[in-house]
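For reference, the structure discussed in these notes is given below.
Protein chains in written order, with the numbering used here: chain F, 62 to 731; chain L, 62 to 731.
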């Protein structure tokens with residue numbers, strides 16, 4: 062039966078001509094769909110003819126054992142319905158399915174293809190889960206799903222828009238529930254069968270968050286262009302390109318309406334149309350890091366190594382922005398001082414202004430305020446990029462600056478000191494080794510410059526460091542950055558969620574911790590369920606805490622006490638059925654005046670590569686329905702020696718556990 | 062402030078007079094609510110007067126350290142609102158709450174009382190979870206919740222029935238979500254504040270599934286009876302009794318409208334009205350086993366010990382039922398034989414009837430069918446209770462029986478043999494040691510009697526044992542039992558679920574397994590979400606499997622092959638909002654004719670104590686809403702050396718994981 066199917070059609074991956082260029086295609090690393098799995102049951106029924114693979118007899122194929130275990134995809138018999146309502150049919154077909162699975166196991170195929178025919182897949186999922194549980198090297202499962210359910214489409218006789226959407230929504234829902242039942246296992250991929258009608262944009266986008274391994278393009282949806290070559294409509298071509306960009310393979314299937322080579326040539330043109338990483342610094346930088354989870358740095362607790370400095374200093378945008386911001390701040394300060402000296406002659410308006418001006422001068426000799434150099438402290442100077450930016454800014458503005466570079470990492474201090482001696486010779490640059498939170502320096506700074514932000518803004522403890530260093534800044538001093546905000550968006554990404562689950566490195570209970578921690582990751586295989594919204598904002602200098610009577614509270618050093626704990630609840634409306642696996646986390650930051658840096662998708666500083674976003678998982682993915690409200694609460698908690706986040710999500714009446722209670726799974730050490 | 066409350070009211074537990082009978086009450090094991098927690102903050106504000114506990118100064122109280130750590134309940138300040146929408150208020154009150162919690166920790170109080178004022182308790186739950194995480198010996202938390210939300214009731218001006226229900230539903234929902242946020246921790250209890258209006262029956266019943274530690278009865282809902290004593294209305298009294306039956310303490314609170322002693326006397330009468338365990342064999346037998354989880358027996362893989370036999374043989378009902386069933390079967394068989402010998406003279410109607418009759422006689426001498434003894438095999442005879450039942454039945458019916466007692470447990474065989482020698486001397490009783498599945502005995506049995514059922518029917522592998530022993534039974538023989546069915550009902554029981562979670566005995570990943578296994582438990586603190594429904598049915602002798610052509614399949618011994626795999630999906634409609642933690646599992650069984658045994662609640666064989674039900678947990682409790690459909694699928698899976706169950710639940714679009722995939726967490730060994 063399946064042999065006949067084969068002889069009248071074709072079913073190859075992007076490499077089209079199995080007979081001719083098999084070896085070539087193999088070298089090009091294509092894989093092949095074998096149909097059907099050459100199963101003893103078929104041999105029994107079909108005799109020697111059953112012993113065929115993809116339409117040619119096995120003797121035609123010179124397949125090394127390695128090819129069998131890396132290039133062939135087994136296709137399970139599509140007619141097997143292990144979810145039949147009839148118990149006898151179900152049991153028998155279950156036995157057949159298990160027979161085919163163990164034959165695939167015996168052949169050592171790297172992947173097995175199955176097709177979902179409807180929403181009832183409980184038993185199929187159960188059998189496959191058992192297969193994973195009981196196999197040492199289970200094959201990957203490729204789940205074939207149509208883009209559109211033709212049954213639903215046929216039923217929708219009317220022009221009803223909603224029913225039409227249903228026909229596209231349904232197969233996604235089959236797949237999503239099937240994937241859930243297989244616990245979002247990363248060994249389960251999806252093969253999308255392209256339909257003649259394409260779904261609305263949003264519904265199609267949702268597929269981009271799924272692990273699409275291949276897309277099946279029926280020959281029937283190709284059109285002939287003027288020259289008679291098979292081509293796809295613009296919409297199909299765009300859809301195909303966006304899937305291929307995410308590394309989906311292409312399978313052409315159906316009646317042979319054109320020469321096989323023409324399909325191949327067309328697909329190769331589509332392939333070539335993918336954006337060139339060299340055109341985008343982020344893309345070329347992040348190549349190979351797609352969806353790869355990293356634990357966030359803890360630059361306060363740990364000292365960075367030279368490789369990390371190398372990477373960060375290469376950012377083509379970040380230090381430009383800093384330099385612009387410092388230039389702006391120096392200009393403003395210069396203007397202000399000139400104004401101040403003009404005012405100096407006139408009597409002060411009230412006593413507090415006098416007091417303030419006296420305080421500004423604290424520790425200075427202060428004969429000629431205007432001519433004194435502006436003190437710029439670079440806190441966390443690393444190997445000096447911000448010192449360079451400051452000196453550049455001073456040159457641009459013609460302002461005399463005294464730079465004090467504070468750094469706690471002894472290795473970086475050595476580099477800084479060497480530069481001060483040699484590169485910055487003749488400039489007023491002092492290097493101070495130590496933790497900015499525990500130093501007392503004189504003179505106090507007019508400007509503090511720091512780059513302590515993590516991928517989620519405050520998550521590398523910038524607020525605590527800068528508040529701890531508040532005593533180094535004059536009372537009207539400027540902090541660059543002066544303000545930053547973290548952002549979150551609820552996302553769907555089985556891939557990231559499953560990657561976090563298996564990232565376990567340590568004791569068995571690590572797995573639970575993996576879903577209670579932040580991951581730095583260049584997210585690709587994900588879909589935003591709703592827009593990105595601001596979460597926590599920090600200002601510098603920070604506003605001091607007030608007590609019950611409204612008085613500002615000070616600490617033992619007399620510095621204003623600040624409170625960097627935060628709690629915020631954010632809500633989103635769900636636009637289409639989806640599954641939420643966690644959040645994407647970003648930040649933006651005002652350095653000074655109008656100078657910003659941002660990794661928020663909508664406002665991302667073009668070309669800035671220093672930060673990948675964070676993925677904040679939730680322990681149990683939540684299925685969300687169109688129209689529902691996602692309500693997420695985040696806490697930033699602080700105690701004497703650490704900072705951590707806690708979070709929970711509520712959708713409808715359902716609520717996740719509280720994540721990372723008491724910082725049990727992840728924390729940042731002070 | 063709280064002192065004033067105290068002086069005009071009273072707030073004691075069931076022991077009323079703190080001043081007078083403190084010691085006495087302590088001896089009687091009552092606990093006391095201390096209000097407020099004597100906190101330094103209060104001392105500061107109120108001076109020496111703050112140093113009062115429950116309305117009398119500390120100097121009045123001779124409290125041993127042990128009393129402080131076992132008898133006092135600390136009440137946290139009710140005005141603290143750590144979920145205030147105002148960030149400043151929230152942060153300050155959070156600091157206060159933490160101060161009070163650590164003071165309670167310092168005092169070593171066994172329990173702390175807090176009050177839920179509304180639905181927003183995210184932050185409160187978070188703080189308490191942190192408290193549990195960070196404390197070595199955390200106090201138990203008693204959560205005070207009104208039975209009716211007075212705010213909602215006031216808003217419901219109309220006579221709208223639904224809104225009225227809402228006012229009762231809401232506080233349950235506050236509590237339930239709060240409890241969920243605390244991960245259904247068993248250290249969280251509820252204190253129910255009785256309202257003047259009582260909720261509808263079903264809503265009240267739902268509270269019985271919650272861990273109600275105490276019930277607060279305001280003095281305002283007492284009425285004076287003719288003699289002027291304070292009494293409760295019949296409805297209140299019934300509600301109170303049902304809570305007290307589940308070990309809830311009683312707190313009388315409010316203005317002192319009668320002598321304290323009168324309240325106490327009344328409550329003692331209520332207390333006395335609880336059913337007497339001595340009136341109910343199950344209740345007296347199960348005392349102390351309430352909600353205590355046990356792993357099911359595996360009598361096939363393990364040999365039972367003498368204690369277990371002792372317990373089971375004490376059942377006053379089970380063996381009576383067996384005896385009745387055997388009596389009935391002997392009677393029927395006798396009648397049939399007499400009929401048969403009458404028919405013997407007439408020529409057989411067709412060849413198959415002849416063949417069958419020849420088969421029946423297989424291995425017998427068969428001169429006078431009618432006078433031959435009836436062969437009764439007791440399979441799994443244990444220490445002989447079913448042999449006794451058979452001999453009794455033979456005496457009753459006057460039928461001559463040959464009893465063959467088969468038992469695999471060598472210890473039990475010794476006891477059986479001794480009884481055959483001494484007690485059953487002169488009766489035709491043969492003892493055979495061995496596994497019923499591997500024996501060949503002659504003559505074949507007319508009747509097989511067995512008692513291999515577990516709490517969930519087939520879960521001790523009765524189907525596999527009896528099918529394995531099918532060769533011992535004549536082709537028209539009778540099996541007692543002839544049919545059994547397992548039953549399930551979705552239940553809410555945070556207590557059982559939490560108990561399963563902490564039942565971990567072994568490696569760290571055991572916890573997950575605990576929610577993928579059956580637990581035998583005398584369930585008390587639970588609430589049925591919907592009715593109990595039948596699941597899997599097994600008949601004996603079993604129907605043989607048929608192949609593709611409809612032929613019966615036989616195994617290598619020529620016995621019909623049976624298939625004891627099962628799959629069934631059951632659906633229920635949710636009647637009111639609830640949280641599903643798993644299933645209650647039961648069975649009923651037809652022994653022979655009309656003789657049944659059952660542990661299904663609606664048809665429970667009165668006085669039968671041999672089986673507690675099973676609790677089948679789900680890994681993550683599911684919140685279910687009125688009108689939703691719960692759909693549960695269960696599989697009974699069989700391979701060559703074991704049997705196991707798998708299950709999953711779907712509510713709305715949400716689906717649990719598949720539980721116990723491939724029997725990874727629990728299995729029954731063949």
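The C-beta atom is built at its ideal place from N, Cα and C for all residues, glycine as well.
**Message:** Closest to residue 232(L) by C-alpha separation, out of 560(L), 214(L), 245(L), would be which residue?
**Reply:** Here residue 232(L) is taken as the residue at index 171 of the second chain, counted from 1. Of the listed residues, the one whose Cα sits closest to residue 232(L) is 214(L).
**Prompt:** Taking 9 Å as the CB-CB limit, is residue 184(F) close to chain L?
**Reply:** Numbered from its first residue, the first chain carries residue 184(F) at position 123. Yes, its Cβ sits closer than 9 Å to a Cβ of chain L.
**Residue environment, residue 81(L), which counts as buried when at least 16 other CB atoms sit within 10 Å** = On the second chain, residue 81(L) is found 20 positions in, with the first residue counted as 1. Low per-residue confidence applies at residue 81(L): pLDDT is 33, beneath 50, and the placement is therefore not dependable enough to give any value.
**Request:** Under 8 Å by Cβ, that's how I've got residue 188(F) and residue 155(F) pegged, so tell me the actual separation to the nearest angstrom.
**Result:** By 1-based counting over the first chain, the position of residue 188(F) is 127. By 1-based counting over the first chain, the position of residue 155(F) is 94. So it is a contact: roughly 6 Å between Cβ atoms.
**Item:** Contacts around residue 241(F), its chain only, beta-carbon distance under 8 Å, and the 5 residues preceding and following it disregarded
**Value:** Here residue 241(F) corresponds to residue number 180 of the first chain, with the count starting at 1. The residues are 640, 682, 684.
**Asked** Which parts of the region 682-713 of chain L are runs of the alpha helix (DSSP H), unbroken and 4 residues or longer, counting only runs that do not cross its ends?
**Response** List check, alpha helix (DSSP H) in window: nothing returned.
**Asked** Looking only at C-alpha atoms, which of 708(L), 584(L), 667(L) sits nearest to residue 631(L)?
**Response** In the second chain, the residue the question calls residue 631(L) occupies position 570. Nearest option by C-alpha distance: 708(L).
**Message:** My output table needs one value for residue 516(F): the three-state DSSP class, helix, strand or coil.
**Reply:** As a first step, residue 516(F) must be located in the first chain, where it is residue number 455. The answer is coil: DSSP assigns residue 516(F) none of H, G, I, E or B.
**Prompt:** In terms of residues, what are the limits of the beta strand (DSSP E) holding residue 192(L)?
**Reply:** Residue 192(L) sits at position 131 when you count from the first residue of the second chain. Looking at the DSSP string, residue 192(L) is not in any beta strand (DSSP E); the run it does join, the alpha helix (DSSP H), is 183-195.
**Message:** Using 8 Å for Cβ pairs, my map puts residue 649(F) next to residue 545(F). What's the rounded Cβ distance?
**Reply:** Position 588 of the first chain, counted from the start, is the residue given in the question as residue 649(F). Position 484 of the first chain, counted from the start, is the residue given in the question as residue 545(F). Yes, they are in contact, since the Cβ atoms of residue 649(F) and residue 545(F) sit about 7 Å apart, within 8 Å.
**Prompt:** Since residue 720(F) sits in a beta bridge, which residues does DSSP pair it with?
**Reply:** Residue 720(F) sits at position 659 when you count from the first residue of the first chain. BP columns for residue 720(F) point to 708(F).
**Message:** Judging by CA-CA distance, which residue of 520(F), 489(F), 468(F), 173(F) is the nearest neighbour of residue 495(F)?
**Reply:** Position 434 of the first chain holds residue 495(F). Ranked by how close their Cα comes to the Cα of residue 495(F), the residues 520(F), 489(F), 468(F), 173(F) have 468(F) in first place.
**Item:** Per DSSP, the bridge partner or partners of residue 309(L)
**Value:** Here the question's residue 309(L) lines up with position 248 in the second chain. When beta bridges are read from the DSSP output, residue 309(L) appears opposite no residue.
**Prompt:** Under 9 Å between C-beta atoms, does residue 138(L) make it to chain F?
**Reply:** What you label residue 138(L) is simply residue 77 of the second chain in a count that begins at 1. Not one chain F Cβ lies under 9 Å of residue 138(L).
**Prompt:** Can you pull the DSSP bridge partners for residue 600(L)?
**Reply:** In the second chain, residue 600(L) corresponds to position 539, counting from 1. Per DSSP, the beta bridge partners of residue 600(L) are 544(L).
**Cβ pair count under 8 Å reaching 3, the region 518-533 of chain F against the region 484-493 of chain F** = With the rule of 3 Cβ pairs closer than 8 Å, the region 518-533 of chain F does not count as touching the region 484-493 of chain F.
**Request:** Give the residues of chain A in contact with residue 555(F), contact being defined as C-beta atoms less than 7 Å apart.
**Result:** The displayed structure is made up of protein chains F and L, and chain A is not among them.
**Item:** Check whether residue 373(L) and residue 445(L) have beta carbons under 9 Å apart
**Value:** On the second chain, residue 373(L) is found 312 positions in, with the first residue counted as 1. On the second chain, residue 445(L) is found 384 positions in, with the first residue counted as 1. No Cβ-Cβ contact shorter than 9 Å links residue 373(L) with residue 445(L).
**Asked** Would the region 321-335 of chain F and the region 292-303 of chain F be scored as touching if the rule is three or more Cβ pairs under 8 Å?
**Response** They touch, by the three-pair rule.
**Item:** Cα-Cα separation between residue 441(F) and residue 402(F), rounded to whole angstroms
**Value:** Locating residue 441(F) in the first chain gives position 380, counting from the first residue. Locating residue 402(F) in the first chain gives position 341, counting from the first residue. Approximately 33 Å, taken between the alpha carbons.
**Asked** How would you write the range of the alpha helix (DSSP H) that residue 131(L) sits in, first residue to last?
**Response** Working through the second chain from its first residue, we reach residue 131(L) at position 70. That run of the alpha helix (DSSP H) goes 126-131.
**Asked** Whole beta strand (DSSP E) runs in the region 607-646 of chain F with 3 or more residues, listed along the chain?
**Response** The DSSP assignment places complete beta strand (DSSP E) segments of no fewer than 3 residues inside the region 607-646 of chain F at 627-634, in order along the chain.
**Asked** To the nearest whole angstrom, what separates the beta carbons of residue 173(F) and residue 205(F), a pair I think is in contact under 8 Å?
**Response** As a first step, residue 173(F) is located in the first chain; it is residue number 112 there, counting from the start. As a first step, residue 205(F) is located in the first chain; it is residue number 144 there, counting from the start. With 8 Å as the limit, residue 173(F) and residue 205(F) do not qualify as a contact, their Cβ atoms being about 11 Å apart.
**Asked** Name the residues in the region 442-455 of chain F whose C-beta lies less than 9 Å from a C-beta of chain L; which are they?
**Response** Residues passing the 9 Å Cβ filter: none.
**Request:** Taking C-beta pairs closer than 8 Å, name the residues in chain F that residue 233(L) reaches, listed in chain order.
**Result:** Walking along the second chain from the start, residue 233(L) turns up at place 172. By Cβ distance, chain F contributes nothing, its closest Cβ being about 12 Å from residue 233(L), past 8 Å.
**Asked** So, is the C-beta of residue 246(F) closer than 9 Å to a C-beta in chain L?
**Response** Walking along the first chain from the start, residue 246(F) turns up at place 185. False, the Cβ-Cβ gap to chain L never drops below 9 Å.
**Item:** Spatial neighbours of residue 267(F) in its chain, beta-carbon cut-off 8 Å, leaving aside the 5 residues before and after
**Value:** Along the first chain, one-based indexing puts residue 267(F) at 206. Within the same chain, 233, 553, 588, 637, 639 come within 8 Å of residue 267(F) by CB-CB distance, once the 5 residues on both sides are set aside.
**Request:** Please classify residue 288(L): does DSSP put it in a helix, a strand, or coil?
**Result:** Reading the second chain from its first residue, position 227 is the one you call residue 288(L). Residue 288(L): coil per DSSP, three-state reduction.
**Where residue 240(L) sits in the DSSP three-state scheme** = Sequence index remark: in the second chain, residue 240(L) carries index 179 (1-based). The DSSP-derived three-state label of residue 240(L) is helix.
**Asked** Taking the C-alpha atoms as reference points, what is the distance between residue 482(F) and residue 455(F)?
**Response** One-based indexing of the first chain puts residue 482(F) at position 421. One-based indexing of the first chain puts residue 455(F) at position 394. Between the alpha carbons of residue 482(F) and residue 455(F) lies a distance of about 19 Å.
**Prompt:** Whole-angstrom Cβ separation of residue 672(F) and residue 691(F), contact assumed at under 8 Å?
**Reply:** In the first chain, residue 672(F) corresponds to position 611, counting from 1. In the first chain, residue 691(F) corresponds to position 630, counting from 1. The C-beta separation of residue 672(F) from residue 691(F) comes to about 25 Å, leaving the pair out of contact by the 8 Å criterion.
**Request:** Kindly indicate the opening and closing residues of the alpha helix (DSSP H) around residue 372(F).
**Result:** Mapped onto the first chain, residue 372(F) falls at position 311. Unbroken alpha helix (DSSP H) run through residue 372(F): 367-374.
**Request:** Would you kindly work out how many angstroms separate the C-alpha atoms of residue 192(L) and residue 185(L), rounded to a whole number?
**Result:** For the purposes of this step, residue 192(L) is taken as the residue at position 131 of the second chain. For the purposes of this step, residue 185(L) is taken as the residue at position 124 of the second chain. Distance between residue 192(L) and residue 185(L), taken at the CA atoms: about 10 Å.
**Message:** Give me the residue from 466(F), 392(F), 526(F), 286(F) with the minimum Cα distance to residue 460(F).
**Reply:** For the purposes of this step, residue 460(F) is taken as residue 399 along the first chain, with counting starting at 1. Nearest option by C-alpha distance: 392(F).
**Message:** Going by DSSP in three states, residue 468(F) sits in which element: helix, strand or coil?
**Reply:** By 1-based counting over the first chain, the position of residue 468(F) is 407. Residue 468(F): strand per DSSP, three-state reduction.
**Message:** Distance check for residue 379(L) and residue 342(L), CA to CA, integer angstroms please.
**Reply:** Taking the second chain and counting its residues from 1, the one referred to as residue 342(L) is at position 281. Taking the second chain and counting its residues from 1, the one referred to as residue 379(L) is at position 318. Take the alpha-carbon of residue 342(L) and the one of residue 379(L): they are about 13 Å apart.
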